[in-house]
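Q:
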Amino acid sequence: MKPFTFTLRQEPPQRVDLSALTPDRLAGKSLAEIEKIEIGATRASTKVGDVFQLAEGDLKNVRYEGGSARFDLVGAKLLPEFSIHVEGDVGLQVGRLAKGGKITISGSAGAYAASGNEGAHIEIKGNVGEMLAAPLAGELAGMSGGRVVVRGKAGARAGDRLRRGILIIEGDAGDDLGSRLIAGTIVALGATSGRVGYLNKRGSLVLAKRPEIGSTYVDCGAHAFTFARLFSRALKADSEAAAAVLSGKLQRYGGDTAVYGKGEILTPV
Amino acid sequence: MQGIVRNGVRIDDSFAEAFPMAATGLIVTAPTRKWANQAAATATGYATSVIGCDCEAGVDVELSEEETPDGRPGVRMLFFAFSTKGAEKALVNRVGQCILTCPGTALYSAFDGDVKVKVGDSMRQFGDKWQMSKAIDGRRFWRVPVMDGEFLVESQVGVIKKTVGGGNLLVMGADWESTMRATEAGVEAIKDVRDAIMPFPGGIVRSGSKVGSQYKGMSASTNDAYCPTLKGVTKTALEPDIGCTLEIVIDGLSDDVVREAMRAGLKAIIDLGPEKGAKRVGAGNYGGKLGPFHYHLKDLLP
């Protein structure tokens, strides 16, 4: 069955909050009712019908034909078994607090992508803004499960306060990748800069290109890690290159010893 | 008693009586085939019968590099106990003493099962706060630092509550050599059946037991009706041409698996014929009142 499709009529006149347009929240609504849903972020009214042309379909899969950097909160709180595909760009907080399911973005995403993700598989073919998978101000932890794959570049502080789950960044990562990591795994294939793994507690940073590593990380030697082999197999479907990095011997730098210090930076020998 | 003959082998009109058990499965991997097999052999040792061991265990199948979670040679082992609690206790002891200690190994749950029991979660403290947890695809693992690197162990493993223990075949022949030949053929055939193990040495037990004893307080004793040296002096079940009895005991993850295993074993024994192998095949039961699973030999014939 065809997916339920929202086709972009025109660039929305203001930022729009698309968190209401996830499959479970659309269930049981008629097209006319959906068209009347208010999605504007200001006092000026913007309704679904103003921005999108709707085509009914299987509500398990929602598809956006055409995207915009003004699309905020796409797939927020998405539930398992559902999927959302955006043919184009999205704005802030795509997949925010998603419980599960699958989100694919053919374009780029804004800041706070996958913020607080709890279990969704999110793939972004373009670039992402800063604070990938990070918590919003005031929250204690960032992403707590699931998997995020970014084919392009990531902005500064990707993986901030990551608690669980896996981030794969195939392009370059901005400053301070994996800052304040609590746990979880980040695989970065491109260049990294700034204080990589700053204040990392128990997380694993796997870096294909060895950066200048901070003095609070301590060399633990090169080893063949069984868990890396396991991860290599499990990540192969998402990223061949990430799997390749994990399949060989890895130099382990333990840290960040400025804090709890049970985390690590792993780089190919 | 007799009537059915296949390829010259007499088949008793009898049935095997089996019992419900709880089972868990583990996959152990290592850098080389040798060490994967060594780990499995050690972890499934001293686990022939729940009468005297903490569980019944055995190797289900060797796994190739492609079949294991980490791409190294592996072995799938099954453990059967009377209860989920019993299985958990046995696993923690066995993994702690036999897998954690074995060079190069990693340990994974073989199936999801009905409930989970803690294995890695009970072992992680060995890491003395240096252990690290890694979660992927809904499964959680512990990386415990050890002297040859890291011991990777899954935090919890699945237990299937309704499994079957005690499927069996009694193989009877003229002498030890021919009976062993037939029994070994049966064991080899049953090895190919997935999800079933034969917990006794080499899959074979020679000391089948009956319920009760002449001694007070002994619940089981030698099955004198099948002891060839007592043929004359006891109420024997053996004909004059039988000089040896060996038994294959099978534990399986389901009723169907045990049935399939018994069928495969029976076929191999019958195919060998009475000259080289067994003259008669029977099955052990306790009158049918103790165990809920009954496997009638006549239903399993090829």
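Residue numbers (the working numbering), protein chains in the order written: chain A, 1 to 269; chain B, 1001 to 1302. Don't be surprised by glycine CBs; every beta carbon is placed ideally from N, CA and C.
Under 8 Å, CB to CB, which of the residues in the segment 216-232 of chain A have a partner in chain B?
A: 223, 224, 225, 226, 227, 229, 230, 231 and 232
Q: Could you pull the DSSP bridge partners for residue 1077 of chain B from this structure?
A: Taking the first residue of the second sequence as position 1, residue 1077 of chain B is located at position 77. Residue 1077 of chain B pairs with B:1026 and B:1059.
Q: I'd like the list of long-range same chain contacts for residue 129 of chain A, defined as Cβ closer than 6 Å, with 5 residues on each side in sequence excluded.
A: Within the first sequence, the letter at position 129 stands for residue 129 of chain A. Closer than 6 Å at Cβ, skipping near neighbours: 110, 111 and 155.
Q: Quick one: Cα of residue 256 of chain A to Cα of residue 137 of chain A, how far?
A: The sequence position of residue 256 of chain A within the first sequence is 256, counting from 1. The sequence position of residue 137 of chain A within the first sequence is 137, counting from 1. Taking the straight line from one Cα to the other gives about 23 Å.
Q: Report yes or no: is there a C-beta of chain B within less than 9 Å of the C-beta of residue 262 of chain A?
A: Taking the first sequence and counting its residues from 1, one reaches residue 262 of chain A at position 262. True, the Cβ-Cβ gap to chain B drops below 9 Å.
Q: Given a cut-off of 9 Å, decide if residue 1190 of chain B and residue 1262 of chain B are closer than it, judged by their beta-carbon atoms.
A: Looking up residue 1262 of chain B in the second sequence gives position 262. Looking up residue 1190 of chain B in the second sequence gives position 190. For residue 1262 of chain B and residue 1190 of chain B, yes; Cβs fall inside 9 Å.
Q: How would you call residue 80 of chain A, buried or exposed, if buried means at least 16 neighbouring beta carbons within 10 angstroms?
A: Translated into positions along the first sequence, residue 80 of chain A becomes position 80. It counts as exposed.
Q: Is it right to say residue 269 of chain A is buried, meaning 16 or more other beta carbons lie within 10 angstroms of its own, or is it exposed?
A: Walking along the first sequence from the start, residue 269 of chain A turns up at place 269. By the neighbour-count rule (16 or more Cβ atoms within 10 Å), residue 269 of chain A is not buried but exposed.
Q: Can you list, in chain order, the residues of its chain whose CB lies under 6 Å from that of residue 66 of chain A, leaving out five sequence neighbours each side?
A: For this step, residue 66 of chain A is matched to residue 66 along the first sequence. Hits under 6 Å: 8 and 88.
Q: So what's residue 1001 of chain B in DSSP terms, helix, strand or just coil?
A: In the second sequence, residue 1001 of chain B corresponds to position 1, counting from 1. Reliability fails at residue 1001 of chain B, whose pLDDT of 48 lies under 50, so the model's placement of it is uncertain and the value that follows must be treated cautiously. Of the three classes helix, strand and coil, the one that applies to residue 1001 of chain B here is coil, per DSSP.
Q: Could you list which residues in chain A have their beta carbon closer than 9 Å to that of residue 1150 of chain B, in chain order?
A: Locating residue 1150 of chain B in the second sequence gives position 150, counting from the first residue. 223, 225, 226 and 227, listed in chain order.
Q: Mapping the DSSP letters down to three states, classify residue 49 of chain A as helix, strand or coil.
A: Residue numbering aside, residue 49 of chain A sits at position 49 when the first sequence is read from its first letter. Helix at residue 49 of chain A.
Q: Figure out for me which residue from B:1208, B:1139 and B:1268 has the closest Cα to the Cα of residue 949 of chain B.
A: Nothing about residue 949 of chain B can be read from this structure; chain B reaches only from 1001 to 1302.
Q: Residues of chain A with a CB under 9 Å from the CB of residue 1086 of chain B: which are they?
A: Taking the first residue of the second sequence as 1, we reach residue 1086 of chain B at position 86. The premise fails here: residue 1086 of chain B is roughly 29 Å from chain A at the closest Cβ pair, so nothing lies under 9 Å.
Q: Does residue 1283 of chain B come out as helix, strand or coil in the three-state DSSP assignment?
A: In the second sequence, the residue the question calls residue 1283 of chain B occupies position 283. Residue state, collapsed to three classes: coil.
Q: Identify whether residue 1226 of chain B lies in helix, strand or coil by the three-state DSSP scheme.
A: As a first step, residue 1226 of chain B must be located in the second sequence, where it is residue number 226. Reduced to three states, the DSSP call for residue 1226 of chain B is helix.
Q: Is the shortest distance between the beta-carbon of residue 166 of chain A and the beta-carbons of chain B less than 9 Å?
A: Walking along the first sequence from the start, residue 166 of chain A turns up at place 166. Residue 166 of chain A counts as touching chain B.
Q: Roughly how many whole angstroms lie between the Cα atoms of residue 1156 of chain B and residue 1100 of chain B?
A: Counting from one through the second sequence, the residue named residue 1156 of chain B turns up at place 156. Counting from one through the second sequence, the residue named residue 1100 of chain B turns up at place 100. Distance between the alpha carbons of residue 1156 of chain B and residue 1100 of chain B: 15 Å.
Q: Taking only beta carbons into account, state which residues of the segment 1135-1160 of chain B come closer than 7 Å to chain A, listed in chain order.
A: 1135, 1136, 1137, 1141, 1143, 1149, 1150 and 1152
Q: Considering only the beta carbon of each residue, do residue 1160 of chain B and residue 1111 of chain B sit closer than 9 Å?
A: Numbered from its first residue, the second sequence carries residue 1160 of chain B at position 160. Numbered from its first residue, the second sequence carries residue 1111 of chain B at position 111. Yes, the Cβ-Cβ distance between residue 1160 of chain B and residue 1111 of chain B is below 9 Å.
Q: For residue 1040 of chain B, I'd like the list of residues in its chain whose CB is within less than 6 Å of its CB, leaving aside the five on either flank, ordered along the chain.
A: Along the second sequence, one-based indexing puts residue 1040 of chain B at 40. Cβ neighbours of residue 1040 of chain B beyond the five flanking positions: 1028, 1059, 1075 and 1077.
Q: Just to confirm my understanding: we take residue 1124 of chain B, look at its own chain, exclude 5 residues before and 5 after, and list those with CB closer than 7 Å. What are they?
A: On the second sequence, position 124 is the one that residue 1124 of chain B refers to. Excluding sequence neighbours, residue 1124 of chain B sits near 1131, 1142 and 1144.
Q: Does the Cβ of residue 1109 of chain B have 16 or more other Cβ atoms within 10 Å, making it buried, or fewer, making it exposed?
A: By 1-based counting over the second sequence, the position of residue 1109 of chain B is 109. By the neighbour-count definition (other C-beta atoms within 10 Å, threshold 16), residue 1109 of chain B is a buried residue.
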